[in-house]
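Enquirer:
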Amino acid sequence: MLKNKNIVLGVSGGIAAYKAVELLRLLKKAGAAVQVIMTENAAQFVGPMTFEALSEKQVCVNLFKDAGDASISHIRWADEADAVVIAPATANFVGKLAGGIADDALSTFIMAVTTPVLVCPSMNSNMYLSEAVQRNLKTIEKDGFGVLSPGSGELACGIEGPGRLPEPVVIFDRLVKLLKTDDLEGKRVLVTAGPTREPFDPVRFISNPSSGRMGYAIARAAEMRGAEVTLVSGPVEIDAPVNVEVVRTNTVDEMAEEVFARFDNTDIVIKAAAVGDYRPATAAEHKIKKDSETIDFSLVKNQDILRELGSRKKNQVLCGFAAETRDLQENAQKKLKEKNLDMIVANLVNCEGSGFRTTTNSVTLFSPGGKVEPLPNMEKTKLADIILDRIAGL
Ligand SMILES: Cc1cc2nc3c(=O)[nH]c(=O)nc-3n(C[C@H](O)[C@H](O)[C@H](O)COP(=O)(O)O)c2cc1C
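And the structure:
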């Protein structure tokens, strides 16, 4: 999303200015061209040289000294910017934004910006909760600025409460969101992801190698596009997407219960979880000892969550996944029809760069009426958006 984009990073004089350095690194790594503009007070916390080295551009602190060339740079940067992020934004800077004051390089630049701006306030809790700051934040939100609420926790001043600058990865994530279309605004999306685990004693289970990456990528992309997202997740080792409700489950029955409870209040369901088809008929109460050479298992069929959703479906859009090792087309089309789905994302899991535990996937999309769309191998993050494009089209 940020490749070749012009991003302006504004830094004002708060204790969290050091986090802007990491944010700059993330932006550069994503391929953005970053112009840093600092307040004079920000330069008391982190030297412009650090930002200059990482951004590979002259940093502007003083409008009259650092303009670089004879053009009116702050207007040019404002014209060229695809997005702006102010991190950290001090109480003073938020006040200046709310009051329309342009008395230094950063506040003058901001006045000329017409592209999305994300303001990340960070300060002592009492300052943050003060009438003036709260009033100013409301004003700038009304004026169209995006405001990222600070986190709570122990602050540099030693007290606990709201005011902490969110981690750079979160600011980065919210900035990407600002640049996305919000075509799923107002939609409630439910995504399932990851494996299921079926225990056969208190310390062992049968499962599958699903990493959850595909479902997590879809949940993140849907949230970025404005949807209200719930992610019902099996046990995985990846971070929860920002601003997504995550419901943790283990077994198929647990997953089914959580999904069914939410289905009536959902517009779009995308079932990317690798749900186990069978479970041990019984689970031992205590750990099975290795006394005998073999253990005989009897497996019983699990409930079919997708089929049940297909039969209950009213106005919802229902998208399933099919992981196959052969006869992809035949199996996917059968599943699409039998389970009353609106789309199925099918992949062969036994080929390189696709399926379980990879960051990429090769899939074919099947829709009712015999529509077949094979897609090239790509990152799951990119595929997530294509799947949502097709669903939005439905
Ligand atoms: C050590 C120190 C830490 C500070 N941390 C913050 C802070 O986290 N947030 C804030 O709003 N102001 C903080 N301030 C106060 C601002 O630096 C001060 O209001 C300044 O005028 C802000 O200028 P600027 O908005 O032009 O950068 C701090 C001041 C000092 C001395």
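Here this note's numbering runs 660 ahead of the position in the sequence shown, where the first position is 1. Ideal placement from N, C-alpha and C gives every residue a C-beta, glycine not left out. Source: prediction; values computed, not measured.
#1: For Ala934, which of Phe865, Ala853, Thr926, Val754 has the nearest alpha-carbon?
#2: Count the other C-beta atoms from every protein chain shown that fall within 10 angstroms of the C-beta of Ala941, then say buried if there are 16 or more, exposed otherwise.
#3: Does Lys798 pass the burial test, meaning 16 or more other C-beta atoms within 10 Å, or should it be called exposed?
#4: Does the distance from the C-beta atom of Thr775 to that of Ala743 stay below 7 Å?
#5: Could you round the C-beta distance between Leu662 and Ala680 to whole angstroms and report it? I think they count as a contact, below 8 Å.
#6: Does the separation of the CB atoms of Met771 and Ala751 fall below 7 Å?
#7: Using 6 Å as the cut-off, classify the Cβ of Ala944 as near or not near the heavy atoms of ligand 1, replying yes or no.
#8: Does DSSP put Asp1002 in a helix, a strand or coil?
#9: Could you give the residue range of the alpha helix (DSSP H) that holds Ile819?
#10: Starting from Asp861 and walking both ways along the alpha helix (DSSP H), at which residues does that stretch end?
#11: For the pair the stretch 832-846 and the stretch 909-923, tell me if three or more CB-CB distances fall below 8 Å.
#12: If we count the other Cβ atoms within 10 Å of its Cβ and call it buried at 16 or more, is Asp1002 buried or exposed?
#13: How would you write the range of the alpha helix (DSSP H) that Arg922 sits in, first residue to last?
#14: Just mark Phe711 as buried or exposed, buried being the case when its beta carbon has 16 or more other beta carbons within 10 Å.
#15: Mark His946 as exposed unless 16 or more other C-beta atoms lie within 10 angstroms of its C-beta, in which case mark it buried.
#16: How many Å lie between Gly670 and Ile878 at the Cα?
#17: For Leu732 and Lys717, I'd like the C-alpha separation in whole angstroms.
#18: Taking only runs that begin and end inside the stretch 718-761, name each unbroken alpha helix (DSSP H) of 4 or more residues, in chain order.
#19: Closest to Asp764 by CA distance: which of Asn701, Pro708, Asn925 is it?
#20: Could you work out which residue in Val977, Asp987, Gln963 is closest to Ile930 when comparing CA atoms only?
#21: Per DSSP, what kind of secondary structure is Gly670 in: helix, strand or coil?
#22: Can you grab the Cα-Cα spacing for the pair Ser893 / Ala887, in whole Å?
#23: Cα separation between Thr841 and Phe724?
#24: Going by beta-carbon coordinates alone, are Gly936 and Thr856 separated by less than 7 Å?
#25: Would the stretch 1019-1029 count as touching the stretch 989-1006 if we require 3 or more Cβ pairs under 8 Å?
#26: Using the three-state DSSP reduction, which class does Leu853 fall into: helix, strand or coil?
#27: Expressed to the nearest angstrom, what Euclidean distance is found between the alpha-carbon atoms of Tyr876 and Asn722?
#28: To which residues of the same chain is Ile948 closer than 8 Å at the C-beta, ignoring the five residues directly before and after it?
#29: Using 6 Å as the cut-off, classify the Cβ of Met783 as near or not near the heavy atoms of ligand 1, replying yes or no.
#30: In the DSSP assignment, what residue or residues form a beta bridge with Val773?
#31: Taking the alpha-carbon positions, what's the Val1032 to Gln993 distance?
#32: Can you tell me whether DSSP reads Asn975 as helix, strand or coil?
#33: Counting Cβ pairs closer than 8 Å, one from the stretch 819-830 and one from the stretch 781-795, do we hit at least three?
#34: Using CA coordinates, which residue listed in Cys720, Ala741, Arg736, Met709 is at the minimum distance from Ala692?
#35: Should Leu1054 go down as buried or exposed, given a rule of 16 or more other Cβ atoms within 10 Å for buried?
#36: Examine ligand 1 and report whether any of its heavy atoms sits within less than 6 Å of the Cβ of Asn664.
Expert: Looking at the coordinates:
#1: Position 274 of the sequence shown holds residue 934. Taking only the C-alpha atoms, the option nearest Ala934 is Ala853.
#2: Within the sequence shown, the letter at position 281 stands for residue 941. It counts as exposed.
#3: As a first step, residue 798 must be located in the sequence shown, where it is residue number 138. Result: exposed.
#4: To locate residue 775, count along the sequence shown from 1; it is residue 115. To locate residue 743, count along the sequence shown from 1; it is residue 83. Yes, the pair counts as a contact, with Cβ atoms nearer than the cut-off.
#5: For this step, residue 662 is matched to residue 2 along the sequence shown. For this step, residue 680 is matched to residue 20 along the sequence shown. Contact flag wrong, Cβ pair sits at about 16 Å.
#6: Here residue 771 refers to the residue found at position 111 of the sequence shown. Here residue 751 refers to the residue found at position 91 of the sequence shown. Against a cut-off of 7 Å, the Cβ pair of Ala751 and Met771 comes out as no contact.
#7: Against the sequence shown, residue 944 aligns to sequence position 284. Every heavy atom of ligand 1 is 6 Å or more from the Cβ of Ala944, so no.
#8: The count along the sequence shown starts at 1 and reaches residue 1002 at position 342. Of the three classes helix, strand and coil, the one that applies to Asp1002 here is coil, per DSSP.
#9: Residue numbering aside, residue 819 sits at position 159 when the sequence shown is read from its first letter. Unbroken run through Ile819: none, as it is neither H nor E.
#10: Start at 1 with the first residue of the sequence shown, and residue 861 comes out as number 201. No alpha helix (DSSP H) contains Asp861, which is instead part of the beta strand (DSSP E) from 858-861.
#11: With a cut-off of 8 Å on Cβ pairs, the stretch 832-846 is not in contact with the stretch 909-923, counting fewer than three such pairs.
#12: Indexing the sequence shown from 1 puts residue 1002 at position 342. With 16 or more other Cβ atoms within 10 Å, it is buried.
#13: In the sequence shown, the residue the question calls residue 922 occupies position 262. Residues 912-923.
#14: The residue given as residue 711 occupies position 51 in the sequence shown. Around the beta carbon of Phe711, 16 or more other beta carbons sit within 10 angstroms, so the residue counts as buried.
#15: Residue numbering aside, residue 946 sits at position 286 when the sequence shown is read from its first letter. So His946 counts as exposed.
#16: Taking the sequence shown and counting its residues from 1, the one referred to as residue 670 is at position 10. Taking the sequence shown and counting its residues from 1, the one referred to as residue 878 is at position 218. Straight-line Cα distance between these residues: approximately 31 Å.
#17: The count along the sequence shown starts at 1 and reaches residue 732 at position 72. The count along the sequence shown starts at 1 and reaches residue 717 at position 57. Note on identity: in this sequence residue 732 is Ile, with Leu being the wrong assignment. Spanning the alpha carbons of Ile732 and Lys717 requires a straight line of approximately 16 Å.
#18: 733-740, 751-759
#19: The residue given as residue 764 occupies position 104 in the sequence shown. Ranking the options by Cα distance to Asp764, first place goes to Asn701.
#20: Locating residue 930 in the sequence shown gives position 270, counting from the first residue. Check the Cα spacing between Ile930 and each of Val977, Asp987, Gln963: the tightest is with Val977.
#21: Your numbering for residue 670 matches position 10 in the sequence shown. Looking at Gly670 - three-state DSSP - the assignment turns out to be strand.
#22: Position 233 of the sequence shown, counted from the first residue, corresponds to residue 893. Position 227 of the sequence shown, counted from the first residue, corresponds to residue 887. One C-alpha to the other measures close to 18 Å.
#23: Residue numbering aside, residue 841 sits at position 181 when the sequence shown is read from its first letter. Residue numbering aside, residue 724 sits at position 64 when the sequence shown is read from its first letter. Whole-angstrom Cα-Cα distance: 37 Å.
#24: For the purposes of this step, residue 936 is taken as residue 276 along the sequence shown, with counting starting at 1. For the purposes of this step, residue 856 is taken as residue 196 along the sequence shown, with counting starting at 1. Cβ distance < 7 Å, so Gly936 and Thr856 count as in contact.
#25: yes
#26: Translated into positions along the sequence shown, residue 853 becomes position 193. The sequence shown places Ala at residue 853, rather than the Leu named in the question. Reduced to three states, the DSSP call for Ala853 is strand.
#27: Counting from one through the sequence shown, the residue named residue 876 turns up at place 216. Counting from one through the sequence shown, the residue named residue 722 turns up at place 62. Their backbone Cα atoms lie some 43 Å apart in a straight line.
#28: Walking along the sequence shown from the start, residue 948 turns up at place 288. The residues are Phe860, Asp861, Arg864, Ile955.
#29: Walking along the sequence shown from the start, residue 783 turns up at place 123. Using a cutoff of 6 Å, the CB of Met783 counts as near ligand 1, since one of the ligand's heavy atoms is closer than that.
#30: Locating residue 773 in the sequence shown gives position 113, counting from the first residue. In DSSP, Val773 forms no bridge with anything.
#31: Taking the sequence shown and counting its residues from 1, the one referred to as residue 1032 is at position 372. Taking the sequence shown and counting its residues from 1, the one referred to as residue 993 is at position 333. Near 9 Å, if we compare the C-alpha coordinates of Gln993 and Val1032.
#32: One-based indexing of the sequence shown puts residue 975 at position 315. Reduced to three states, the DSSP call for Asn975 is coil.
#33: yes
#34: In the sequence shown, counting from the first residue as 1, residue 692 sits at position 32. Of the candidates Cys720, Ala741, Arg736, Met709, the residue whose Cα lies closest to the Cα of Ala692 is Ala741.
#35: Within the sequence shown, numbered from 1, the residue matching residue 1054 stands at position 394. Classification for Leu1054: exposed.
#36: In the sequence shown, counting from the first residue as 1, residue 664 sits at position 4. No, the beta carbon of Asn664 sits no closer than 6 Å to any heavy atom of ligand 1.
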